[in-house]
Each structure stands twice: as C-alpha cells, then as structure tokens.
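Numbering-wise (UniProt numbering), the sequence shown opens with residue 1 and increments by one.
Just so it is clear, CB atoms sit at the ideal spot from N, CA and C, and this is done for glycine as well.
To keep things clear, I will list the structure first and then write my remarks on it.
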Amino acid sequence: MHTLKNMLSPLGANTNALQDTLKLVVIGGTVETARRISVSAWNGFVDSFFLTAHFSQEDYPYDWLMHWLSKQPAWGRSREFEITTRSVTRGGITQSTTGDLEDDDDDEDQESFIHGRKKRKVAFLPSLDTTHTIYYRGHWLRITRTKRYPDYGHGAALKISVVARSNDILKKLVLEAKREYEKDAEHRVHIFMADTTYGCWRWNGARQKRPLSSIVLQPGVKDMLLADCKDFLASEDWYAERGIPFRRGYLLHGVPGSGKTSLIHSLAGELGLDIYVVSLSSKGMSDNTLATLMSHVPSRCILLLEDLDAAFTRSVSRDSSSTGVPTASNSPNNSNESDGSTLSLSGLLNSLDGVAAAEGRLLFATTNHIERLDPALSRPGRMDVWVNFTHATKWQAEGIFKCFFPSNSKPSSSSSSSSKPSTDEKTDISQKNLPLPKRKAPGHTIPLLDEAEIAELAKCFADAIPEGELSVAALQGYLLKNKLRPRECVDEVREWVIQEREMREKLKKEKAEREKETEEKERKEREEKAAKEQEEKEIKEKFERKERAKGKKVHRVEAILKLEGATSCGSSTVINSSGESTPTEPTLMPALISNSKSESSSSSESDSSNGGIEADTEESMTSEEEVDKPAGGIPTISKETAKEKWVAVKGQPEPVD
Ligand SMILES: Nc1ncnc2c1ncn2[C@@H]1O[C@H](COP(=O)(O)OP(=O)(O)OP(=O)(O)O)[C@@H](O)[C@H]1O
1 MHTLKNMLSP LGANTNALQD TLKLVVIGGT VETARRISVS AWNGFVDSFF LTAHFSQEDY
61 PYDWLMHWLS KQPAWGRSRE FEITTRSVTR GGITQSTTGD LEDDDDDEDQ ESFIHGRKKR
121 KVAFLPSLDT THTIYYRGHW LRITRTKRYP DYGHGAALKI SVVARSNDIL KKLVLEAKRE
181 YEKDAEHRVH IFMADTTYGC WRWNGARQKR PLSSIVLQPG VKDMLLADCK DFLASEDWYA
241 ERGIPFRRGY LLHGVPGSGK TSLIHSLAGE LGLDIYVVSL SSKGMSDNTL ATLMSHVPSR
301 CILLLEDLDA AFTRSVSRDS SSTGVPTASN SPNNSNESDG STLSLSGLLN SLDGVAAAEG
361 RLLFATTNHI ERLDPALSRP GRMDVWVNFT HATKWQAEGI FKCFFPSNSK PSSSSSSSSK
421 PSTDEKTDIS QKNLPLPKRK APGHTIPLLD EAEIAELAKC FADAIPEGEL SVAALQGYLL
481 KNKLRPRECV DEVREWVIQE REMREKLKKE KAEREKETEE KERKEREEKA AKEQEEKEIK
541 EKFERKERAK GKKVHRVEAI LKLEGATSCG SSTVINSSGE STPTEPTLMP ALISNSKSES
601 SSSSESDSSN GGIEADTEES MTSEEEVDKP AGGIPTISKE TAKEKWVAVK GQPEPVD
C-alpha cells in the first residue's frame with residue numbers, strides 16, 4: 001500500500017479517490033475469488049459424497065420421474081418452479097398438485113366446464129437450470145433439470161443427487177415413480193410417430209383407451225384377433241424353441257371408414273401396448289430411415305403401418321434397384337417426385353424382417369387397396385392374419401345403434417326375446433359387454449329408454465340400412481347428429497338413406513366428370529408434347545441435311561482442286577474447314593477460287609433464278625448442279641477440265657447418311 005501511495009503521490013489531490021477505488025477493486029476481486037473457490041470446493045465435496053443419477057428425456061425413467069415430481073407437494077412451497085397446463089409427461093397426464101390453481105373441492109368425476117370449455121388444471125414442475133432440493137424418505141434430493149438442445153426444443157435431462165452410502169434410495173425412487181406413472185397411464189394408449197428427419201420416434205400423445213365393445217364388427221372377428229394377439233405375446237419361448245422369429249403381422253384391409261384404425265387403437269388399450277405409427281409415404285422416408293426406426297421399436301408394442309398401398313404407388317416392383325421414384329405408369333400422385341422419399345419395397349421388407357428388425361412387436365398394416373400390394377409384402381410370415389373390413393351389415397347397424405343409445409338397465413318383461421340381435425345365433429362375446437347400461441350419462445340429456453325399446457329401435461334402424469352399402473363411419477355420423485333423439489333417428493333413417501344415395505350418386509358423377517376432364521387435359525398435353533417433339537425433330541433433320549450438303553460441297557471443291565492441281569503443273573490449294581481455299585500458286589487458281597468462294601452466293605442466285613421454288617431442303621441438289629454449271633454460266637475452266645472434273649466428282653464416294 002505504501003509503495004502504491006509513493007507511486008501515486010505525484011498525482012496530488014486526486015490520489016485519495018484513486019486509492020479508494022483501487023482498494024475497492026482489490027477487495028471485490030478477493031471476495032469473488034474466495035466465493036468461486038468455496039463454490040468449487042463445495043461442488044467437489046458434494047460430488048465426492050453424493051450419488052448422482054442422470055435421466056434422459058429419450059428414455060422412459062425420465063417420464064416416470066417427471067410425472068412423480070409433478071405430484072410432489074414440495075413444489076407448492078418452492079420459490080422457483082415452472083407452471084404448465086400442458087401435459088406433464090409423455091403420458092399426457094396433467095396432475096392436480098398442491099399448488100393447483102383450481103378449487104380443490106372440484107369433484108374428479110364431475111366434468112367441470114366454464115362457458116362450455118373444460119377447466120384446465122395446472123401442474124408445478126422443477127424449473128430449468130435450477131437445482132431444487134426436496135425431502136424424500138429421510139434423504140435430501142438435489143434435482144436439476146436441464147435442456148441439452150435448447151434450439152431444437154427437445155433433449156431435456158434430469159439429474160438427481162442424494163447423500164447416501166448405497167444407491168438403494170435412488171432405486172426405490174425410480175420404482176415408485178414407475179408404479180405411479182403406470183397407474184395413471186393405465187387408461188391411456190400412448191402414440192408415437194416416426195420422425196423421418198431425425199430417424200427417431202416422437203411421443204404424439206396419449207389417448208383414452210377405447211373399449212373393444214365400442215367396435216362393431218362381424219361376430220367373432222374381435223375375439224379371434226384379441227385371442228391371437230394375447231397368444232402371441234405369451235409365446236416368446238415357444239417361438240425361440242422353434243427358431244421362428246418372434247413377430248406377427250396383421251393385415252387389415254377394406255373400405256374406408258370401416259373401423260380398421262379404431263380396432264387397432266382398441267386392441268392396444270386392451271393389451272396395454274403403445275402404438276408406434278409409421279406413414280410410409282411421408283416426406284423424407286428412405287430405406288435407411290425406416291431401418292433405423294424399426295430397429296428402435298421396443299419389444300412389446302403395436303407397430304402400425306398406415307395406408308400401406310400409398311407407399312407403393314411409387315414403387316410396385318420388388319426390384320432391388322427400385323428407389324421408389326415415381327414413374328409415369330405407377331405414380332398417380334406425382335407430387336411424391338420431389339418429396340425426397342426414396343423408400344423401396346425391398347427396403348421395407350428388409351426393415352420388417354431383416355436381421356436388425358425388432359422382435360416381439362405386433363405389426364398391423366392397413367390398406368384400402370389390397371390388390372395394389374406386392375405379394376411379397378402380404379405373404380405369411382409378414383402378414384399372418386388378414387381381416388377384411390366391409391361396408392356396414394345390418395348386424396353392425398344394429399350394434400352401433402345400441403352403442404349410441406344407453407338404456408336403463410331394467411329390461412321390460414315384454415321384450416326379452418326382441419332385445420337380442422336379429423342374428424342371435426351368431427353371438428359375439430365381446431359384443432356382450434356393450435357399455436350400454438353402465439355408461440355414465442353425460443351433461444346433455446339423452447332420453448333413457450328401456451332395454452327392450454332400444455332393442456326394438458335398433459332392429460328397426462338395422463332394417464332400414466341397406467346391407468353392405470354404407471360405411472360404419474357414415475352410420476356413426478348420422479347417429480351423432482341424432483344422439484339426443486333415438487326415436488326420431490329411427491323414423492328418419494329411411495329418408496337419410498335415400499339422401500345418402502343421392503349424395504353418393506352426385507359425388508360419383510362429379511368424380512367421373514373430374515376424371516374425364518383430367519384425362520382430356522392429359523391427352524391434350526400429350527398431343528401438344530408430341531407435336532412439339534415432331535417439330536423439333538424436323539428442325540434437327542433440316543439442320544443435319546444442310547450440314548451434310550455443305551460437307552459434300554467441300555469434298556467436291558477439294559476434288560476439283562486436286563484434279564486441277566494435277567493438270568496445272570503441281571499448283572496446290574489448301575481448303576480449310578470452312579470451305580475456303582488458299583492458293584499457293586497463282587496459275588489458274590483465281591478462277592477456281594472465285595468459283596469455290598462464290599458457291600454460297602451462286603447457290604442463292606440459282607435459287608432466285610428458279611423463282612425461289614427450291615427451298616432449303618433442296619439446297620444440296622441445287623449445289624450439285626452448280627458445281628457442274630458455275631454461276632452465271634461463265635465457264636471458269638476449260639471444257640476438257642470440266643469434263644475431268646465431272647468424272648472426278650462422280651468418282652467421289654457418297655457420304656453415308
Ligand atoms: N366397425 C366399427 N365400429 C365402430 N365404429 C366404427 C366402425 N367403423 C368405423 N367406425 C367409426 O368410424 C370412424 C372412422 O373409423 P376408422 O378410422 O377406424 O376407419 P378406417 O377403416 O381406419 O378408415 P380409413 O381406411 O379411411 O383409415 C371412427 O370414428 C370410428 O369410431
């Protein structure tokens with residue numbers, strides 16, 4: 001300090017202020033350094049005593065823990081946290097926590113609406129990049145949530161540290177979180193979609209399970225499928241013993257709106273499996289991407305390939321060279337051309353059952369056009385069970401009517417016989433548990449009819465529905481419109497069927513007209529293209545003929561000059577590629593040069609002397625004559641020479657066309 005004082009003394013009165021500033025800087029720096037040292041020492045201490053577990057968003061334990069954390073009362077007291085009304089986890093479960101902003105006395109079972117909109121509940125979560133401490137089973141947990149790729153909006157990670165001798169506490173924590181997560185996710189089906197950009201699966205939401213009884217199919221179909229799936233999932237050892245790949249494929253094909261997708265969703269709920277959806281025609285799909293996706297499918301899940309035929313409007317051949325690039329003949333959808341999709345059928349087949357393909361999954365594929373599928377794709381081993389979905393039968397119409405209208409559970413005495421479906425002998429076991437009497441009455445008032453009346457109405461409804469003409473989705477649409485008027489719905493159904501028919505006829509006509517117009521347009525385009533091509537061809541031919549004619553002239557002049565050179569004491573002429581000649585000897589040559597040089601002009605003169613009748617295409621003929629008869633008829637060489645020249649020209653080999 002003394003030295004500093006000595007150094008600053010020449011500065012006079014300002015010295016004191018400067019000294020104070022410097023003192024502050026030195027003290028501040030020392031304090032900050034001490035703080036940093038103590039923080040890093042503390043971190044070192046913590047790291048050496050704490051057990052730390054890391055959880056990545058890409059894996060399930062992250063979801064379990066986030067779900068568990070969202071339920072911890074500690075967040076209600078925390079001074080820094082994140083509030084969200086979005087789904088807390090991949091499970092899409094928004095939890096009512098201690099910090100819930102809604103009234104706590106809201107009945108869980110009661111639907112709560114404000115102005116027709118459902119009230120949103122909020123969840124409290126650990127905020128990003130902050131370390132939170134919560135107490136769990138006699139231990140203090142330090143929890144840090146970070147985002148690894150903030151720019152991409154995903155890739156979060158969780159770090160949990162605890163002071164403990166063994167990692168039992170962390171194991172207990174993860175198990176508890178898993179149990180709670182699974183309990184809450186019990187009533188939901190998780191959907192994952194293929195991300196073709198990154199070649200990974202993205203969680204797309206969790207849907208409420210759909211009861212299998214709400215799917216109305218011909219008797220026995222659902223039972224058969226459910227039993228088959230259950231049997232498969234339970235037979236891993238059986239497959240292993242026989243060396244058969246542990247995979248099973250189901251091909252659901254048929255008309256649109258017949259319940260293919262709904263059935264898969266329902267089966268997933270029944271079997272407790274997640275659904276992994278791949279749209280083969282999506283942008284950027286390639287053999288490699290598909291193979292990567294398939295190799296990351298978990299062992300017990302449903303893998304759904306939607307609209308299988310759509311992918312192969314681009315590639316119908318099993319040829320390994322097939323790149324999936326559309327061709328004129330097999331590509332009705334030319335927009336695929338530039339979508340970057342390079343999926344080939346062989347690529348798909350390899351990813352389905354190649355060495356890297358996942359085992360233990362149930363493969364479901366849907367298509368509206370089974371006839372478009374390559375037999376290699378639908379052969380047993382790839383697609384073991386085929387189910388055809390048709391338009392609604394009367395039996396289905398009756399079933400779906402019963403699904404829509406609840407009845408009070410007391411059957412009337414008069415109707416026990418008529419309450420059975422008309423085709424009672426075909427009893428679908430899964431259809432027995434239709435949720436009719438058990439269903440909770442929603443907010444709006446559906447008149448509760450007794451079972452007998454419902455059965456009667458359902459039968460009348462089915463009678464009015466033509467067999468195999470309308471889709472179940474169309475029937476559902478009609479019933480939805482009349483969901484509060486079961487009786488009127490039946491009274492008006494015949495009228496609706498007529499309207500539907502008319503509408504379908506109209507749409508069919510419009511479609512036919514559109515197709516005709518498109519065809520006409522395409523035909524015109526083809527014709528225009530052909531005409532253009534023809535025109536271009538003609539121009540090219542004309543040009544080539546001209547070129548040939550020029551070539552001939554050059555040859556002939558060369559021949560003449562050679563001939564002349566031979567007769568006139570060895571004088572020589574060099575003719576360059578453009579047909580111009582360069583005399584090396586003056587003897588006789590001026591006349592020859594003028595002859596050869598004036599060829600083009602003489603040609604045009606000759607043309608004009610013919611009154612312009614000879615067009616370009618005839619130019620070669622005219623030129624030939626001109627070589628024999630020089631322009632203006634003035635002989636530039638002697639008769640004898642001309643004769644020799646004629647002989648020489650005729651002696652030239654004709655150029656091959
Ligand atoms: N057999 C059925 N039982 C119950 N509901 C059905 C049935 N078929 C269709 N639906 C209803 O129709 C709607 C469309 O059904 P879904 O999407 O399952 O048909 P899809 O056959 O998969 O059609 P697409 O081939 O066009 O994909 C759904 O809301 C579903 O509830």
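- Taking the Cβ of A473 as the reference point, at least one heavy atom of ligand 1 falls within a distance shorter than 7 Å.
- The segment 392-407 and the segment 449-461 touch, with three or more beta-carbon pairs separated by less than 8 Å.
- Residue ranges of uninterrupted beta strand (DSSP E) with 3 or more members are absent from the segment 481-525; none lies entirely inside it.
- With respect to K260, G269 sits apart: the two C-beta atoms are not nearer than 8 Å.
- One Cα belongs to D491, the other to A392, and the distance between them is close to 19 Å.
- Using a cutoff of 7 Å, the CB of N43 does not count as near ligand 1, since none of the ligand's heavy atoms is closer than that.
- Around the Cβ of D274, a 10 Å sphere holds 16 or more other Cβ atoms; the residue is buried.
- Distance between D287 and D184, taken at the CA atoms: about 37 Å.
- DSSP places C200 outside any alpha helix (DSSP H); the residue lies instead in the beta strand (DSSP E), whose first and last residues are 200-208.
- For G28, there is no enclosing beta strand (DSSP E); the residue is part of the alpha helix (DSSP H) that begins and ends at 15-49.
- Per DSSP, the unbroken beta strand (DSSP E) holding N388 starts and ends at 385-389.
- The C-beta separation of A464 from V493 comes to about 4 Å, placing the pair in contact by the 8 Å criterion.
- Under DSSP, K532 takes part in no beta bridge, so it has no partner.
- In this structure, T292 sits near G199, with a CB-CB distance shorter than 8 Å.
- Shown here, K71 sits in coil according to DSSP, grouped into three states, outside any helix or strand.
- Distances from the CB of S214 to the heavy atoms of ligand 1 include at least one below 7 Å.
- Under the three-state reduction of DSSP, H139 is assigned to strand.
- Among the bridge pairs identified by DSSP, G249 is matched with L363.
- Check the Cα spacing between H67 and each of E182, E528, K147, R504: the tightest is with E182.
- Rounded to whole angstroms, Q499 and G257 show a C-alpha spacing of 19 Å.
- Under a 10 Å Cβ-count criterion, Y135 is classified as exposed, with fewer than 16 other Cβ atoms of the shown protein chains found around its own Cβ.
- Contact check for L175 and I160: beta-carbon distance about 14 Å, past the 8 Å limit, so the pair fails to qualify.
- A Cβ-Cβ separation of about 18 Å leaves T390 out of contact with D307 under the 8 Å criterion.
- For E306, the enclosing beta strand (DSSP E) covers residues 302-306.
- Nearest Cα to V387 within the set A357, A206, V497, D223: D223.
- Apart from the 5 residues on each side of it in sequence, A473 sits with its Cβ closer than 7 Å to the Cβ of G257 in its chain, given in chain order.
- Annotation: the continuous alpha helix (DSSP H) that includes V221 extends over 221-233.
- Judged by DSSP secondary structure, F405 falls outside any alpha helix (DSSP H); it is assigned neither H nor E.
- In this structure, ligand 1 has no non-hydrogen atom nearer than 7 Å to the beta-carbon of Q208.
- Taking the CA atoms as reference points, R248 sits about 26 Å from D59.
- Taken from the Cβ of L217, at least one heavy atom of ligand 1 lies inside 7 Å.
- Comparing alpha-carbon positions, the option among Y62, F45, H190, R165 lying closest to G272 turns out to be H190.
- By the neighbour-count definition (other C-beta atoms within 10 Å, threshold 16), L18 is an exposed residue.
- Within a 10 Å sphere around the beta-carbon of Q72 sit 16 or more other beta-carbons, which makes this residue buried.
- Annotation: the continuous beta strand (DSSP E) that includes I191 extends over 188-195.
- In the DSSP annotation of this structure, S286 is not part of any alpha helix (DSSP H), being labelled neither H nor E.
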